[in-house]
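*Asks:* Note that this note's numbering has the sequence shown beginning at 38, numbered continuously upward.
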Amino acid sequence: MNRLFVLFFITLFNISLIWSQDYVRVIARPGENAESLLNWYKLHEYQCNYEQFYELNKLKPDAKLKHNTAYLLPLRLYRYNGKSIRTTISDEDINKALRIKAYNEQMLEIGLMKTNFVLNRALWVPIHELKCPGGKIIKPIMTTPPVVIMPVPLPTPTPVPTPAPITKPPGKQYAIFGKNQTIEIKSDKLKGAVYYIVSGHGGPDTGAIGIRENKDLCEDEYAYDVSLRMAKNLLEQGATVYMITRDNNDGIREGRYLPCDYDEVCWPNKRIPRGQKSRLIQRASAINKLYEIHKSRNAKLQRTLMIHIDSRSKSNQTDVFFYHHPASPAGRVVANQLQKTIKAQYQKHQPNRGYKGTVTARDLHMLRETKPTAVYIELGNIRHARDQQRFVISKNRQAVANWLVDGLYADYLKVK
38 MNRLFVLFFI
48 TLFNISLIWS
58 QDYVRVIARP
68 GENAESLLNW
78 YKLHEYQCNY
88 EQFYELNKLK
98 PDAKLKHNTA
108 YLLPLRLYRY
118 NGKSIRTTIS
128 DEDINKALRI
138 KAYNEQMLEI
148 GLMKTNFVLN
158 RALWVPIHEL
168 KCPGGKIIKP
178 IMTTPPVVIM
188 PVPLPTPTPV
198 PTPAPITKPP
208 GKQYAIFGKN
218 QTIEIKSDKL
228 KGAVYYIVSG
238 HGGPDTGAIG
248 IRENKDLCED
258 EYAYDVSLRM
268 AKNLLEQGAT
278 VYMITRDNND
288 GIREGRYLPC
298 DYDEVCWPNK
308 RIPRGQKSRL
318 IQRASAINKL
328 YEIHKSRNAK
338 LQRTLMIHID
348 SRSKSNQTDV
358 FFYHHPASPA
368 GRVVANQLQK
378 TIKAQYQKHQ
388 PNRGYKGTVT
398 ARDLHMLRET
408 KPTAVYIELG
418 NIRHARDQQR
428 FVISKNRQAV
438 ANWLVDGLYA
448 DYLKVK
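1. Terminal residues of the continuous beta strand (DSSP E) containing L416?
2. If you reduce the DSSP assignment to three classes, tell me which class D253 lands in.
3. Tell me whether I450 is buried or exposed, calling it buried when 16 or more other Cβ atoms sit within 10 Å of its Cβ.
4. Would you mind sorting I309 into buried or exposed? The rule is 16 or more other CB atoms within 10 Å of its CB.
5. Since R266 contacts I289 with CB under 8 Å, what's their CB separation in whole angstroms?
6. Within a Cβ cutoff of 6 Å, which residues of the same chain sit near D356, ignoring the five residues on either side of it in sequence?
7. So, L272 versus I220, is the Cβ gap smaller than 8 Å?
8. Who are the near neighbours of H362 in its chain, counting only those whose CB is closer than 6 Å to its CB and skipping five residues on each side?
9. Using CA atoms only, rank isn't needed, just tell me which of A422, T282, I344 is closest to L441.
10. How would you call A260, buried or exposed, if buried means at least 16 neighbouring beta carbons within 10 angstroms?
11. Exposed or buried, V155, counting other C-beta atoms within 10 Å across all chains shown (16 or more means buried)?
12. In chain order, which continuous runs of the alpha helix (DSSP H) of length 4 or greater are located wholly inside the segment 363 to 400?
13. Between which residues of its own chain and D424 is the CB-CB distance below 7 Å, once the five residues before and five after are set aside?
14. Does the distance between the C-beta of L93 and the nearest non-hydrogen atom of the ligand HEM fall short of 7 Å?
15. Taking 8 Å as the threshold, find out whether the segment 86 to 102 comes into contact with the segment 124 to 134 through three or more Cβ pairs.
16. Buried or exposed, going by whether 16 or more other CB atoms sit within 10 Å of the CB of H331?
17. Mind checking which residues open and close the alpha helix (DSSP H) that includes H331?
18. Taking a contact to mean a Cβ-Cβ separation below 8 Å, would you say Y299 touches K252 in this structure?
19. What number of angstroms, rounded off, separates the C-alpha of S264 from the C-alpha of D59?
20. Tell me which same chain residues have a C-beta within less than 7 Å of the C-beta of K223, skipping the five on either side of it?
21. Look at V113 and I164 and say whether their C-beta atoms are less than 8 Å apart.
22. As a quick exercise: from D443, S121, L149, F358, pick the residue whose alpha carbon is nearest that of R158.
23. By alpha-carbon positions, which one of D284, Q313, I318 ends up nearest to V302?
24. Which residues in the same chain as N439 place their Cβ atom closer than 7 Å to its Cβ, once the five residues preceding and following it in sequence are excluded?
25. Output the boundary residues of the beta strand (DSSP E) element that contains A159.
26. Check whether the Cβ atoms of S365 and T410 lie closer than 8 Å to each other.
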């Protein structure tokens, strides 16, 4: 077989992927280990894939992977001959060829391959098809998904999750908010309102990264903390809240520097794909299914809120600003109300500072494809030193969450 030497680099949906000689090579992210890395590429159920991974990379079993370091995967890279998989790999086993074809199609579907192997002549062949007898699974790994305790509403054991009743008992603790966080129903002033909070990025995508005191500031971590604080406030006022992006071990945190990780999931407990488009489709689908359930129950109001932090030039200071879809008058009304509330809070607490947050129409996927009225919220510029104070200081994160919830209550009163 002719070897394919390194000729180019491919960056695919925030994954640095390198084709190097006979094996596919990938860049490890912080917190990844051999099992999680192989799991992304559907290679984790075969013992021989682990053995080959350790051998190729000269690692001891269960060794920790280094951040931003390239590792060879147990994926042989063949130059497809344009005729058939069997003649390409010199193996007449038709069932094996069909499995390899299905594997490549799966990698294309979830966004880990950019082009069909027939078009670019790059065929991926898992080592377990070559070295495991009959491709037999001899080391099942992660046969069940990790257990995640849902906040609200709690899932039922039925195949299609059905939300629990809207009101919740006082003094309830939900693991997603952290050990020391208690939800106490303080009022029912948001009764009948349903909110879908989508913290930006997550899973394999950290989003934008800023630097402060030589520490990385990952967009998804700070957006998630503000989102959790918003969710808690809304629940305490009698609303039903879904955290669409979820992290089972990162509750509300008080630190200035929140560690970057990659273990977030999508409601109810789905692994977040690496491909950006796949991630957006997954989130919109989760929201739309829940929307139909609550619509059938005559929910008084439903809103989708996307929480992000922008990345611009270090010299570009921005205030909290908002997007709505051009074809959504209701989205524009909600965005304007949130902006009005934030502006009033700045005038109250910092009258000499001024506030220049904007409301703009943008045709973004999550604004376009989610059924509830949606608003996209940018908390600031993650690279600007003053903007960083808005989310690095935990009291400021709470203040922003409080103000946004105040704006949502004003929006609720208009509907009521």
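Just so it is clear, CB atoms sit at the ideal spot from N, CA and C, and this is done for glycine as well.
Keep in mind the model is a prediction, meaning the values are calculated, not measured.
*Replies:* So, from the data block:
1. Residue range 410 to 418 is occupied by the beta strand (DSSP E) that includes L416.
2. When DSSP states are grouped into helix, strand and coil, D253 belongs to the strand group.
3. Residue 450 is actually Leu in this sequence, not Ile. Within a 10 Å sphere around the beta-carbon of L450 sit fewer than 16 other beta-carbons, which makes this residue exposed.
4. Buried is the call here.
5. With a Cβ gap of about 6 Å, R266 and I289 count as contacting.
6. Once the five neighbours on either side are set aside, the close Cβ partners of D356 are Y392, K393, G394.
7. Yes; because the gap between Cβ atoms is below 8 Å, this pair is in contact.
8. Here H362 has G368, L404, R405 as same chain residues with Cβ atoms under 6 Å from its own Cβ, once five neighbours each way along the sequence are excluded.
9. The shortest C-alpha separation from L441 is found at I344.
10. Buried.
11. With fewer than 16 Cβ atoms within 10 Å of its Cβ, V155 is classed as exposed.
12. The segment 363 to 400 contains, as complete alpha helix (DSSP H) runs of 4+ residues, the segments 366 to 386 (chain order).
13. The answer, listed in chain order, is Q354, T355, G417, N418.
14. For the structure depicted, the ligand HEM is absent and the ligand set is empty, with no information on it obtainable.
15. The answer is no - the segment 124 to 134 does not touch the segment 86 to 102, with fewer than three Cβ pairs under 8 Å.
16. Buried, because 16 or more other Cβ atoms sit within 10 Å of the Cβ of H331.
17. The continuous alpha helix (DSSP H) containing H331 extends over residues 313 to 333.
18. Contact flag unset, no.
19. Roughly 44 Å between the two C-alpha positions.
20. Result list for K223: E273, Q274, in chain order.
21. As written in the sequence, residue 113 is Arg, which differs from the Val given in the question. Yes. Within cutoff.
22. Comparing C-alpha distances from R158 to each of D443, S121, L149, F358 shows the shortest one belongs to S121.
23. Looking at D284, Q313, I318, the one whose alpha-carbon comes closest to that of V302 is D284.
24. Excluding residues within five positions, the ones whose Cβ falls inside 7 Å are N270.
25. That run of the beta strand (DSSP E) goes 159 to 163.
26. With contacts defined as CB atoms closer than 8 Å, S365 and T410 qualify as a contacting pair.
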